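Undergrad: One structure coming up, written as structure tokens, with questions to follow.
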Amino acid sequence: MNTAIRPLPMRSYHFDNLAHIERLEIVVNDPVFHLLAAQLPPIGTTTKPAATSTAGFLFVGVATVVYGGDDRATAELRAHWTSFIRILRNAGIPAPSQPLTAQHFRDFRDKFLVRKFGSVAAANDVLKAALRAAALGQARDLGLLHGHDWTVADSTNGWFDVPRERVLIADGTWFYEMYEKTPPDMNQRKKKRKNKRAGSKRQIRLTRSKVGVRRTTPDADYQGKAHGYSHAILSVRGDDRHRSIVLDLARCPKGHEMGVVTESLVRLRNRLPNEDMAFVYDGAMRGKHHKQLREELGLLTINEAPGHDGRAYRQYEGTQVPKSSTRLRDLAFTTSSGETCMQRVEVLAGQMFRTEASALRGRRQRQQPLDHVAVRRFESDGTYRWEVDVEFTCTTHHEVHRATIDPNATMGGIALAEQLCAVPPNHERFRALYGVRNFAESLNQYLKGTIMHTERARSTNGHRHELDLIFAMLTSNAIAWAEHGSSRYAALPGR
Ligand SMILES: [Zn+2]
Numbered sequence: 001m002n003t004a005i006r007p008l009p010m011r012s013y014h015f016d017n018l019a020h021i022e023r024l025e026i027v028v029n030d031p032v033f034h035l036l037a038a039q040l041p042p043i044g045t046t047t048k049p050a051a052t053s054t055a056g057f058l059f060v061g062v063a064t065v066v067y068g069g070d071d072r073a074t075a076e077l078r079a080h081w082t083s084f085i086r087i088l089r090n091a092g093i094p095a096p097s098q099p100l101t102a103q104h105f106r107d108f109r110d111k112f113l114v115r116k117f118g119s120v121a122a123a124n125d126v127l128k129a130a131l132r133a134a135a136l137g138q139a140r141d142l143g144l145l146h147g148h149d150w151t152v153a154d155s156t157n158g159w160f161d162v163p164r165e166r167v168l169i170a171d172g173t174w175f176y177e178m179y180e181k182t183p184p185d186m187n188q189r190k191k192k193r194k195n196k197r198a199g200s201k202r203q204i205r206l207t208r209s210k211v212g213v214r215r216t217t218p219d220a221d222y223q224g225k226a227h228g229y230s231h232a233i234l235s236v237r238g239d240d241r242h243r244s245i246v247l248d249l250a251r252c253p254k255g256h257e258m259g260v261v262t263e264s265l266v267r268l269r270n271r272l273p274n275e276d277m278a279f280v281y282d283g284a285m286r287g288k289h290h291k292q293l294r295e296e297l298g299l300l301t302i303n304e305a306p307g308h309d310g311r312a313y314r315q316y317e318g319t320q321v322p323k324s325s326t327r328l329r330d331l332a333f334t335t336s337s338g339e340t341c342m343q344r345v346e347v348l349a350g351q352m353f354r355t356e357a358s359a360l361r362g363r364r365q366r367q368q369p370l371d372h373v374a375v376r377r378f379e380s381d382g383t384y385r386w387e388v389d390v391e392f393t394c395t396t397h398h399e400v401h402r403a404t405i406d407p408n409a410t411m412g413g414i415a416l417a418e419q420l421c422a423v424p425p426n427h428e429r430f431r432a433l434y435g436v437r438n439f440a441e442s443l444n445q446y447l448k449g450t451i452m453h454t455e456r457a458r459s460t461n462g463h464r465h466e467l468d469l470i471f472a473m474l475t476s477n478a479i480a481w482a483e484h485g486s487s488r489y490a491a492l493p494g495r
């Protein structure tokens, strides 16, 4: 890391309400920012002198993102240029006496980077690799991923208590392409479409603009009603506000998120010691994904059962099992005297409901779901085997019966990995663990609202948009690290 950076001249920041210029100041003083700049070739050393250094051009790129647009950035840089000269020079970045503009960055991106790397995409890959590696260090500085005071050790209940700092979160997010037609546009022209919010009623502008250039971007992704650029964001957070780090960013062509997320998790897992971690995903996780992530990566996956939300189980308790149910199976428990006590269970809404024959026309009635009392993981040869203990209080034998099941097994044709949640919705910890996913959504909103400023891509193709997102990830992590991770900041008066 760049040790030449002098301490910030500012006293401290109000992290709940940062000015844009303060965000930029934090970024140019962020060691990861300088690490990123060092991944790119120096500029202006062989031909005519450039206006600033590679880091200086990257700074302008970050400014176009933080200010939400090229014109806006150009105006703000011009208006506050004397301040920016001080901020840049303090961070060892050459600042010309004339203000830098967004055009400087566009030339840097579209000419310099393309000449050096062949494409913006190739430069993005280099930057993303550096960001990923740096994000792990930032996460550690924030006390994330590497919990020091928590060991699963021999505690049989440890997996239910996995702390939030070790719960990985993935979420996909769409940015609509720059020239997509939005509902407000439609309102003006056709006086219909009341739905102003993004998502359900968006329409794609497939017409040509007045100058005859097709305004949809050629590399945008389509999926259902979504249209634009889809990225999966992997992150981790702690309990306090803003204590969060974006760990990875990956484009999901055509919105195929889970495959991209899996690759991202594999990359991350290869760089981490064998920590005990959980993974929450707000999206469709099929049985094969649960199985792969549990068995190959040793991650405790937490999700709702497909087709049910986390509270659905409540409506089933005490109801009759329909005759058409194909989800009834027999599960053997052993009593304390060694007898077998068979129970017929229905795998439903992520849990196992014990059922009892009712007097009524031979139908069965659902009882309470079985309690999940322990989750265990065993490692051998780099793969993992899991066990879940389930139990209930048997009124025939007057005791608690327990059975151990393999949550990745198939039970008479039912893939438990998909249908049975290891941490089931009725468990007291389910809300706390699964609820972490709300953070992923709020992180997306934060990126869109605070750094990217819009749900619409502000650059004209997928690779340029991804570079914007890279800057957003850099900015978000730099601010979190400045607030929580850096002793330099923590030592400032007033904190
Ligand atoms: Zn019994």
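Residue numbers (UniProt numbering): 1 to 495. Note that CB positions come from ideal geometry on N, CA and C, so glycine has one too. Since the structure is predicted, the reported quantities are computational estimates derived from the model, not experimental observations.
Tell me, which residues are paired with glutamate 399 by DSSP?
TA: In the sequence shown, the residue the question calls residue 399 occupies position 399. Per DSSP, Cys394.
Undergrad: Beta carbon of alanine 134, beta carbon of valine 32: below 9 Å?
TA: Taking the sequence shown and counting its residues from 1, the one referred to as residue 134 is at position 134. Taking the sequence shown and counting its residues from 1, the one referred to as residue 32 is at position 32. Contact flag set, yes.
Undergrad: What residues does ligand 1 have around it, judged by CB closer than 7 Å to any heavy atom, in chain order?
TA: Answer in sequence order: Phe333, Thr335, Cys341, Cys394, Thr396, His397 and His401.
Undergrad: Using DSSP bridges, identify the partner residues of histidine 463.
TA: Numbered from its first residue, the sequence shown carries residue 463 at position 463. DSSP lists no partner for histidine 463.
Undergrad: To the nearest angstrom, how far is the alpha carbon of phenylalanine 59 from that of leucine 469?
TA: Looking up residue 59 in the sequence shown gives position 59. Looking up residue 469 in the sequence shown gives position 469. For phenylalanine 59 and leucine 469, the distance between alpha carbons rounds to 14 Å.
Undergrad: Under a Cβ-count criterion, where at least 16 other Cβ atoms within 10 Å of its own Cβ denotes burial, should histidine 463 be classed as buried or exposed?
TA: Residue 463 sits at position 463 when you count from the first residue of the sequence shown. Burial call: buried.
Undergrad: Can you check which of these residues, Arg431, Ala55 and Leu77, is closest to alanine 91 by C-alpha distance?
TA: Numbered from 1 along the sequence shown, position 91 holds the residue referred to as residue 91. If we check each option's Cα against that of alanine 91, Ala55 comes out closest.
Undergrad: Is it the case that the stretch 342–355 contacts the stretch 316–330, given that we only count it when at least three CB pairs across the two stretches are under 8 Å?
TA: As far as the Cβ criterion goes, the stretch 316–330 touches the stretch 342–355, which means the pair count is three or higher.
Undergrad: Could you give the residue range of the alpha helix (DSSP H) that holds glutamine 368?
TA: As a first step, residue 368 is located in the sequence shown; it is residue number 368 there, counting from the start. That residue, glutamine 368, is in no alpha helix (DSSP H); its beta strand (DSSP E) goes 364–369.
Undergrad: Give a yes or no on contact between the stretch 233–246 and the stretch 136–145, applying the rule of three or more CB pairs nearer than 8 Å.
TA: They touch, by the three-pair rule.
Undergrad: Would you report the Cα separation of arginine 377 and asparagine 408, rounded to the nearest angstrom?
TA: Taking the sequence shown and counting its residues from 1, one reaches residue 377 at position 377. Taking the sequence shown and counting its residues from 1, one reaches residue 408 at position 408. Each residue's alpha carbon lies about 12 Å from the other.
Undergrad: Return the residue from the list Leu416, Pro99 and His453 that minimises the CA-CA distance to phenylalanine 84.
TA: Sequence index remark: in the sequence shown, residue 84 carries index 84 (1-based). If we check each option's Cα against that of phenylalanine 84, Pro99 comes out closest.
Undergrad: Whose CA, out of Asp248, Asp110, Leu297 and Thr173, lies closest to the CA of glutamate 379?
TA: What you label residue 379 is simply residue 379 of the sequence shown in a count that begins at 1. Ranking the options by Cα distance to glutamate 379, first place goes to Leu297.
Undergrad: May I ask you to report which of helix, strand or coil DSSP gives glutamine 343?
TA: For the purposes of this step, residue 343 is identified with residue 343 of the sequence shown, where counting begins at 1. Strand.
Undergrad: Grouping DSSP H, G and I as helix and E and B as strand, with all else coil, what is arginine 202?
TA: By 1-based counting over the sequence shown, the position of residue 202 is 202. Residue confidence for arginine 202 is low, a pLDDT of 48 falling below 50, so the modelled location carries little weight; the figure read from the coordinates is stated next. Coil at arginine 202, not helix or strand.
Undergrad: Cα-Cα, which of Arg329, Phe439, Leu447 and Asn461 is closest to glutamate 165?
TA: Your numbering for residue 165 matches position 165 in the sequence shown. Of the candidates Arg329, Phe439, Leu447 and Asn461, the one whose C-alpha sits nearest the C-alpha of glutamate 165 is Phe439.
Undergrad: In terms of residue numbering, what span does the beta strand (DSSP E) encompassing valine 132 cover?
TA: Translated into the one-based positions of the sequence shown, residue 132 becomes position 132. In the sequence under discussion, the amino acid at residue 132 is arginine, which differs from the valine named in the question. From DSSP, arginine 132 is part of no beta strand (DSSP E) but of the alpha helix (DSSP H) over 120–141.
Undergrad: Keeping to the same chain, check which residues put their C-beta closer than 6 Å to that of aspartate 330; ignore five residues upstream and five downstream.
TA: For the purposes of this step, residue 330 is identified with residue 330 of the sequence shown, where counting begins at 1. The residues are Met342 and Arg344.
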